[in-house]
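See structure below.
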Amino acid sequence: MSSVSTTGPAPYIYSSTRMRVRKSKLIGHDEYMRMLNMSLPEITRAIEETEYKAEIDELASSFSGLDLIEVALSWNLAKEFQNVLGIMPGVIKKFTASYLQHWDIYNVLTILRGKTQGVRPGKIKEVLIPAGSLDRVVLDRLLAEDSPERIVEALSSWSLYPVLEREFPAAMEKGTFGDLENELFKEFYRYVFKQTASGVRGGKPFRDYLRLEIDLMNIKTVIRLYKGGVRQDVRELMVTGGSFSVDELVRLAASESIEEILEGIKKRYPEGPIGELMDAADKSMPLHEMENALTRVMLDQMDRISKRYPFSICPTLVYLKRKRYEVANLRAIARGKESGLPGETIAEFLVV
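Just so we're aligned: the sequence shown equals residues 824 to 1175 in this note's numbering.
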């Protein structure tokens, strides 16, 4: 088997080409629209005809209906992310591994929330995505612990343990893990940014990509808080590292109208898809439609960055993000059908 050089442009050309092939196999808009007119068994068969066939076939003897789709999607996503990491050469592998650690936060919080709510370990395991540094063995060990406190203790060697240890008592006292989640993601982005600061090739496009992701995350938080009637100082909820300063975000969150928020965002992004979305949006747009529109803009902007830096880590990150939303879309369709929602309602929650 031939190896790929880990120096010069070769690893970037290699990884970019592989990711573009993978991206071309993602489910398209027309196929999602067809699924909206299918029954749940028909959706399962349609998914089985795609890149999820191996998981559907393997799990069909143990699960059925919505459970079969849910578990198959989780297994496929984790397997695909680990496969991508396995073929990444050189510094791209380092950046990709750093970025995939956000799944560790998702998995730890999913386990903690499930345990505090009395959910069976088997049901929690169905939705875990072991794509970060905490593999299936570690996650199974956490699921076997008999209390949230024991789970935290078992994570003492995790890179984000200091944040978890500091914030966990307050989370248990409040009965919500929202602030803990926010602090974990703040530390995660600080850590990932540090990985890009060594001057190695690929660092700049990775930082551009991360800044955009953080901007859109903070914008979503500001709009969500406004729609929810929250008007206090939101400084601690903002993730640093984007193009907005924390003070700017606090001022945005204190706006007296949604139009004022949209105008403030447009000043930072006067042109392109983000500016166009701010022009098109208004106070009557439901929160989920605004968030989905922002996500679509983020993906489109990330595609633009990827085209600007065709031989960088960006094509890899674009594929990982779009794969994630493919799974989210399939879940939304399956759950919507299981709940008896009409296709046009489900379509409002898809990112396509």
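From the three backbone atoms N, C-alpha and C, an ideal C-beta is built for every residue, glycine too. Quantities reported herein were computed from a predicted structural model and do not represent experimental measurements.
Mapping DSSP to helix, strand and coil, what is residue i?
{"i": "glutamate 878", "result": "helix"}
{"i": "asparagine 860", "result": "coil"}
{"i": "phenylalanine 1029", "result": "helix"}
{"i": "glutamine 940", "result": "coil"}
{"i": "glutamate 1079", "result": "coil"}
{"i": "proline 992", "result": "helix"}
{"i": "tyrosine 1092", "result": "coil"}
{"i": "methionine 977", "result": "The amino acid occupying residue 977 in the given sequence is alanine; methionine does not appear at that position. Alanine 977 falls in the helix class under three-state DSSP."}
{"i": "glycine 1098", "result": "helix"}
{"i": "aspartate 958", "result": "coil"}
{"i": "alanine 1103", "result": "helix"}
{"i": "threonine 867", "result": "helix"}
{"i": "serine 873", "result": "Looking at the sequence provided, one finds threonine at residue 873 rather than serine. Looking at threonine 873 - three-state DSSP - the assignment turns out to be coil, as it is neither helix nor strand."}
{"i": "alanine 967", "result": "helix"}
{"i": "isoleucine 850", "result": "coil"}
{"i": "methionine 1045", "result": "Checking the sequence, you will find valine at residue 1045 rather than methionine. Residue state, collapsed to three classes: helix."}
{"i": "serine 885", "result": "coil"}
{"i": "alanine 1054", "result": "First, the amino acid is wrong: residue 1054 is arginine here, not alanine. In this structure, arginine 1054 counts as coil in the three-state DSSP scheme."}
{"i": "glycine 1065", "result": "coil"}
{"i": "glycine 1087", "result": "helix"}
{"i": "valine 1175", "result": "coil"}
{"i": "leucine 1198", "result": "Because residue 1198 is not part of the residues shown, which for the chain are 824 to 1175, the question remains open."}
{"i": "methionine 824", "result": "With a pLDDT of only 41 at methionine 824, under the threshold of 50, the placement of this residue in the model should not be trusted, and no figure is reported."}
Roughly how far, in whole angstroms, is the beta-carbon of residue i from the beta-carbon of residue j, given that I think they are within contact range, below 8 Å?
{"i": "glutamate 1036", "j": "methionine 1121", "result": "7 Å"}
{"i": "leucine 923", "j": "proline 944", "result": "Contact flag wrong, Cβ pair sits at about 24 Å."}
{"i": "asparagine 1041", "j": "glycine 1065", "result": "6 Å"}
{"i": "glutamate 1083", "j": "glutamate 1171", "result": "The pair is not a contact, with the Cβ atoms about 26 Å apart (cut-off 8 Å)."}
{"i": "proline 971", "j": "lysine 938", "result": "5 Å"}
{"i": "proline 1096", "j": "aspartate 1123", "result": "5 Å"}
{"i": "threonine 867", "j": "isoleucine 892", "result": "6 Å"}
{"i": "phenylalanine 1067", "j": "aspartate 1102", "result": "Actually they are not in contact, since the Cβ atoms of phenylalanine 1067 and aspartate 1102 sit about 19 Å apart, beyond 8 Å."}
{"i": "isoleucine 1169", "j": "alanine 1155", "result": "6 Å"}
{"i": "glutamate 990", "j": "aspartate 1002", "result": "7 Å"}
{"i": "leucine 1164", "j": "isoleucine 870", "result": "Not a contact, Cβ separation roughly 18 Å."}
{"i": "glycine 1087", "j": "serine 1080", "result": "Between serine 1080 and glycine 1087 the Cβ distance is about 11 Å, and since that is not below 8 Å, they are no contact."}
Excluding the 5 residues flanking residue i on each side, which residues of the same chain have their C-beta closer than 7 Å to its C-beta?
{"i": "tyrosine 1032", "result": "Met1125, Ile1128, Cys1137, Leu1140"}
{"i": "arginine 841", "result": "Ile910"}
{"i": "glycine 1166", "result": "Leu859, Asn860"}
{"i": "leucine 1072", "result": "Asn1041, Val1045, Met1061"}
{"i": "arginine 845", "result": "Tyr1142"}
{"i": "valine 1015", "result": "Ser921, Tyr922, Leu1033"}
{"i": "glycine 888", "result": "Leu863"}
{"i": "arginine 1119", "result": "Val1174"}
{"i": "glutamate 968", "result": "Ile974, Ala977"}
{"i": "leucine 935", "result": "Pro971, Ile974, Phe1000"}
{"i": "glutamate 1114", "result": "Lys1043"}
{"i": "methionine 824", "result": "The predicted position of methionine 824 is uncertain, since its pLDDT is 41 and thus under 50; a value taken from the coordinates is nonetheless stated next. Counting only Cβ-Cβ distances below 7 Å, and skipping sequence neighbours, we find nothing."}
{"i": "serine 839", "result": "Pro1133, Phe1134, Pro1138"}
First and last residue of the alpha helix (DSSP H) that includes residue i?
{"i": "glycine 913", "result": "913 to 923"}
{"i": "isoleucine 1128", "result": "1110 to 1131"}
{"i": "alanine 833", "result": "833 to 847"}
{"i": "serine 897", "result": "888 to 910"}
{"i": "phenylalanine 1008", "result": "1001 to 1018"}
{"i": "valine 950", "result": "From DSSP, valine 950 is part of no alpha helix (DSSP H); its letter is neither H nor E."}
{"i": "threonine 1168", "result": "1166 to 1170"}
{"i": "glycine 1159", "result": "1137 to 1161"}
What residues in its chain sit with their C-beta under 6 Å from that of residue i, if we drop five residues either side in the sequence?
{"i": "tyrosine 984", "result": "Leu978"}
{"i": "lysine 1009", "result": "Val1062"}
{"i": "valine 1175", "result": "His852, Tyr855"}
{"i": "serine 847", "result": "none"}
{"i": "glutamate 1149", "result": "Leu849, Ile850"}
{"i": "tyrosine 1132", "result": "Pro1028"}
{"i": "leucine 1100", "result": "Ala1116, Val1120"}
{"i": "leucine 1007", "result": "Ile928, Leu983, Val986"}
{"i": "alanine 799", "result": "Outside the displayed span of the chain (824 to 1175) sits residue 799, for which this structure offers no information."}
{"i": "arginine 1030", "result": "Thr1019"}
Less than 8 Å between C-beta atoms, sequence neighbours within five positions excluded: which residues of the same chain meet that for residue i?
{"i": "valine 1069", "result": "Arg1058, Met1061, Thr1063"}
{"i": "glutamate 1161", "result": "Leu863, Gly888, Leu889"}
{"i": "leucine 882", "result": "Leu891, Val894, Ala895, Trp898"}
{"i": "leucine 1110", "result": "Ile1046, Arg1047, Lys1050"}
Original post:
Touching or not, the region 898 to 906 and the region 950 to 963, by the rule of three or more beta carbon pairs under 8 Å?
Top reply: yes
Subject >> the region 879 to 897 in contact with the region 905 to 925 per 3-pair CB rule at 8 Å >> reply: no
**OP:** Specify whether the region 956 to 968 and the region 922 to 939 touch according to this definition: at least 3 beta carbon pairs, one from each stretch, less than 8 Å apart.
**Re:** yes
Original post:
Any contact of the region 1009 to 1020 with the region 1044 to 1051, i.e. 3+ C-beta pairs under 8 Å?
Top reply: no
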